[in-house]
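These protein sequences, in sequence, are chains A and B.
If you count by numbering that gives the first Met the number 0, then the first sequence holds residues 0 to 263, one letter each, in order.
If you count by numbering that gives the first Met the number 0, then the second sequence holds residues 0 to 279, one letter each, in order.
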Amino acid sequence: MRRMNPSHISFVLVLTYLFLPVAATLIYSLATEWNKTVLPEGLTLKWFAELFRDFPFLQALGRSFLLSGLTTVAALIVMVPAIFVIVVYAPRLERWVQTLVMMTYAVPGVIMAVGLLRTYSGTGIPMILVTAGAYVVGLLPFIYQGTRNSLRTIHAASLMEAAELLGASRGRAFVKIIVPNIMPGILVAGLLSFSILFGEFVLVNMLVGGRFETLQIYLYAKLSKSGHIASAITVTYFLFMAIISGLAVKFSRGNKATRKEAAS
Amino acid sequence: MKKGNALLLLAVIPFGTFVVLFLLVPVISMIWGSFQTDGGGAFTIAQYKEVLSNPYYFQAFQNSVLISFLSSAIGIIAAVFAAYAITRTPKHVRERLLVITNLTSNFAGIPLAFAFIVLLGNSGVFTLLCKQLGIDLGSFQLYSWTGLTLIYVYFQLPLAVMLLYPIYYGIQEQWKEAAELLGATSTIFWLRIGLPVLLPGIAGTFSILFANAMGAYASAYALTGSTYNLVPIRIGALVSGDIFARPELGSALAVLLGMTLVAALLLNEWLTRKIRRNLS
């Protein structure tokens, strides 16, 4: 009955292709010696033990967390209220936001770096702050999408009207009613943003480089030194990504459940 | 009421400030710089003339377009079938598959290049396996254009699947039944009805993939530093190189690259609008 057709074959090939490099890196990070034989000569956790005792690695990990985390929080604080105001009170401005979203896509890291270096290098403004600022703007597509969709599902405009009729000020209504209701959507957008920044290399490497060694820059420096250590870093990075997307799935499920409740 | 409006303005101002400081001003400064002589000071279009007449930069554009086109084409052909297979799986399997796809889409840049070195590098796992089994890999080299294309295909695949997967919901089950009743085989249905309906979506996705690959920098940089002659690599070298830094020329290259991306994205928007019109 189940004939293999082109779509099944392609599906299996795509999954295998996506899986193989991850699997190879994982095994390499656990292998004692793997230079001549087909399968590793033995398995060990010593590369991970070595890695997590390596102070510069822990520092780089900490810097990545700090930079991605703080920037994500700042982006949410700056953008969510603005997107809320535009979507609910000035929908005509949405076209402009969409144009900005397209602009961020048309200006990938390497182009952005050219403009930022021209504008800010030599002004005395720390380049790490410039990087963080550019990160905030770069997150616009994801935060706009997430916030707008959440605002639509909760019918934000009618909620605001109801709250104002009952005597709440706009600011109070936003903080007490809109924010709690769109929280799951914001969390998902935040996790997505965090994972994108956590993997960013181009901007931070071109603007700051070795002066603020993030996990990605640290990995780049280790590439040619030790394959096992670099594998352990890559696996650690992948595990973090897996945990974050697991959390995002959990939150978006919760989001769907509340939506279903609201619908029934 | 007045107070309410002040509050609205207060919410938009920080956002606007960020956009101006970290998007508009740098982009304008870059465009301005691309029309300056080396070191600044006078207006000129010499930088553009140099980009367009120097065979080295022309080749960089050629290489970038070629690898972007090829990796997008391979990615989209594989994804057209794979995304369809995903829509046919039961709901809980489908959700898991999409999570995995999304996860691998985070696997790009430096870690991805490294994973390929482990797999296909000179003493890579797969390379060794082939040696042991006596399979001749021919002249395959990870640090070649073929090798880099394999990496590009890897980061295009998840994106292509995620973007294509929703457009299959534009094809209704009843159409298939109707076509079958009228005597069409599955192949004829897809060729005559399915594909024409999907085509704008596929083309739109293709242009996004193309733009994505054109702007990619980290994978090629991780493999060989600045050996690959690609536009993003040239820009990086011109702007941050210590000895050969020529930021004005780098700006001109960046502006031309940006224009290519804008063209690809506009094409996508036009095609997306066309799909919406077809569906309504």
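In this text, a Cβ means the ideal position worked out from N, Cα and C, and glycines have one as well.
Quantities reported herein were computed from a predicted structural model and do not represent experimental measurements.
Does the separation of the CB atoms of residue i and residue j fall below 7 Å?
{"i": "residue 261/B", "j": "residue 105/A", "result": "yes"}
{"i": "residue 176/A", "j": "residue 158/A", "result": "yes"}
{"i": "residue 247/A", "j": "residue 187/A", "result": "yes"}
{"i": "residue 112/A", "j": "residue 240/A", "result": "no"}
{"i": "residue 228/B", "j": "residue 59/B", "result": "yes"}
{"i": "residue 207/A", "j": "residue 216/B", "result": "no"}
{"i": "residue 81/A", "j": "residue 217/A", "result": "no"}
{"i": "residue 107/B", "j": "residue 68/B", "result": "no"}
{"i": "residue 286/B", "j": "residue 70/B", "result": "In this structure chain B extends from 0 to 279, so residue 286/B is not present and cannot be described."}
{"i": "residue 77/A", "j": "residue 14/B", "result": "yes"}
{"i": "residue 24/A", "j": "residue 112/B", "result": "no"}
{"i": "residue 39/A", "j": "residue 30/A", "result": "yes"}
{"i": "residue 203/B", "j": "residue 152/B", "result": "no"}
{"i": "residue 6/B", "j": "residue 170/A", "result": "yes"}
{"i": "residue 242/A", "j": "residue 190/A", "result": "no"}
{"i": "residue 100/B", "j": "residue 160/B", "result": "yes"}
{"i": "residue 109/B", "j": "residue 219/B", "result": "no"}
{"i": "residue 6/A", "j": "residue 80/B", "result": "yes"}
With distance defined between alpha-carbon atoms, name the residue in the options nearest to residue i.
{"i": "residue 97/A", "options": "71/B, 60/B, 18/B and 129/B", "result": "18/B"}
{"i": "residue 84/B", "options": "231/B, 164/B and 144/B", "result": "164/B"}
{"i": "residue 71/A", "options": "137/A, 203/A and 163/A", "result": "137/A"}
{"i": "residue 127/A", "options": "63/A, 154/A and 42/A", "result": "63/A"}
{"i": "residue 117/A", "options": "258/B, 247/B, 215/B and 263/B", "result": "247/B"}
{"i": "residue 289/B", "options": "87/B, 42/B, 45/B and 26/B", "result": "Here chain B has residues from 0 to 279 only, and residue 289/B is not among them."}
{"i": "residue 115/A", "options": "129/B, 23/B, 112/B and 80/B", "result": "23/B"}
{"i": "residue 100/A", "options": "171/A, 135/A and 225/A", "result": "135/A"}
{"i": "residue 223/B", "options": "78/B, 55/B, 7/B and 146/B", "result": "146/B"}
{"i": "residue 199/A", "options": "49/A, 131/A, 46/A and 18/A", "result": "131/A"}
{"i": "residue 278/A", "options": "20/A, 86/A and 44/A", "result": "Nothing can be reported for residue 278/A: it is not among the residues displayed for chain A, which extend from 0 to 263."}
Go ahead and label residue i buried or exposed: buried means 16 or more other beta carbons lie within 10 angstroms of its beta carbon, across all protein chains shown.
{"i": "residue 147/A", "result": "buried"}
{"i": "residue 94/B", "result": "exposed"}
{"i": "residue 52/A", "result": "exposed"}
{"i": "residue 151/A", "result": "exposed"}
{"i": "residue 4/B", "result": "exposed"}
{"i": "residue 261/A", "result": "Low local confidence applies: a pLDDT of 49 at residue 261/A is under 50, so the model's placement there is unreliable, with the coordinate-based value given in what follows. By the neighbour-count rule (16 or more Cβ atoms within 10 Å), residue 261/A is not buried but exposed."}
{"i": "residue 144/B", "result": "exposed"}
{"i": "residue 259/A", "result": "Note that residue 259/A has pLDDT 48, beneath the 50 cutoff, so the model's placement of it is unreliable and no number is given."}
{"i": "residue 91/B", "result": "exposed"}
{"i": "residue 227/A", "result": "buried"}
{"i": "residue 15/A", "result": "exposed"}
{"i": "residue 66/B", "result": "buried"}
{"i": "residue 235/B", "result": "buried"}
{"i": "residue 243/B", "result": "exposed"}
{"i": "residue 185/B", "result": "exposed"}
{"i": "residue 50/B", "result": "buried"}
{"i": "residue 0/B", "result": "Confidence is the limiting factor: at residue 0/B the pLDDT is only 46, short of 50, which leaves the residue's position unreliable and the question unanswerable from this model."}
{"i": "residue 174/B", "result": "exposed"}
{"i": "residue 212/A", "result": "buried"}
{"i": "residue 9/A", "result": "buried"}
{"i": "residue 263/A", "result": "At residue 263/A the pLDDT is 43, less than 50, meaning the model places this residue with poor confidence; the figure from the coordinates comes in the next sentence. Answer is exposed; the Cβ neighbour count stays below 16."}
{"i": "residue 89/A", "result": "exposed"}
{"i": "residue 174/A", "result": "exposed"}
{"i": "residue 224/A", "result": "exposed"}
{"i": "residue 62/B", "result": "buried"}
{"i": "residue 131/B", "result": "exposed"}
{"i": "residue 41/A", "result": "exposed"}
Spell out the partners DSSP gives residue i in its beta bridges.
{"i": "residue 42/B", "result": "35/B"}
{"i": "residue 42/A", "result": "30/A"}
The alpha helix (DSSP H) spanning residue i covers which residue range?
{"i": "residue 137/B", "result": "Counting along the chain, residue 137/B falls outside any alpha helix (DSSP H), and DSSP gives it neither H nor E."}
{"i": "residue 145/B", "result": "144-163"}
{"i": "residue 62/B", "result": "54-86"}
{"i": "residue 163/A", "result": "155-164"}
{"i": "residue 166/B", "result": "Segment: none, residue 166/B is in no alpha helix (DSSP H) and carries neither H nor E."}
{"i": "residue 98/A", "result": "93-105"}
{"i": "residue 88/A", "result": "54-88"}
{"i": "residue 151/A", "result": "139-152"}
{"i": "residue 192/A", "result": "178-197"}
{"i": "residue 224/A", "result": "No alpha helix (DSSP H) holds residue 224/A; DSSP gives it neither H nor E."}
{"i": "residue 110/A", "result": "108-119"}
{"i": "residue 195/B", "result": "194-213"}
{"i": "residue 185/B", "result": "185-188"}
{"i": "residue 172/B", "result": "172-180"}
{"i": "residue 235/B", "result": "230-239"}
{"i": "residue 204/A", "result": "201-206"}
{"i": "residue 97/B", "result": "90-104"}
Looking at the ligand GDP, does it come within less than 6 Å of residue i, judged from the CB to the closest heavy atom?
{"i": "residue 224/B", "result": "Although the ligand GDP was asked about, the structure shown includes no ligands whatsoever."}
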